[in-house]
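A short write-up of the structure that comes next.
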Amino acid sequence: MVLSRSQISEFEEVILNVIQKEVFVVSLSKIMGDVIEEKMSVLINKYEEKITVLREEISDLKNKNLQIEKECNKKVDTLEQHCRRNNLRFFGLEEADNENVENRLPSEQLEVFRARRGR
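The numbering of the sequence shown is numbering that gives the first Met the number 0, which starts it at 0 and goes up by one.
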């Protein structure tokens, strides 16, 4: 079916009349608002789900980080204690910068010192 020019003009005039009526504009606005609201609701739900998943992951990572931090602190404490076990404290001797303690100890204490250090 082919329309003549007059039919097309008449059709355009009817469409313009319908578009210019306030009821059409209100109806179209409501329909567009409903469609936009529905689409936004779907997007909001989608992103809320993603946010929930990400929050759970963050919580899990925080817990793992705390556990690793506790393990590291325990290992550091163990290593510090291990390093101190060979330390000896001598009372009555003055300390000097960059001194060799072995040169200042009496022979009995030097033997204990060397035995303790495993030499």
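Just so it is clear, CB atoms sit at the ideal spot from N, CA and C, and this is done for glycine as well.
The structure presented is a predicted model; accordingly, all values stated were derived computationally and were not measured.
*Straight-line Cα distance separating L15 from V141*: Lying outside 0 to 118, the shown extent of the chain, residue 141 is not represented and no answer is given.
*When the Cα of R88 is compared with those of S28, V111, I7 and V75, which residue comes out closest?*
The count along the sequence shown starts at 1 and reaches residue 88 at position 89. Measuring from the Cα of R88, the nearest candidate turns out to be V111.
*Go ahead and pull the three-state DSSP assignment for V1.*
For this step, residue 1 is matched to residue 2 along the sequence shown. Three-state DSSP puts V1 in coil, outside helix and strand.
*asked:* DSSP three-state label for F23, please.
replied: Residue 23 sits at position 24 when you count from the first residue of the sequence shown. Residue state, collapsed to three classes: helix.
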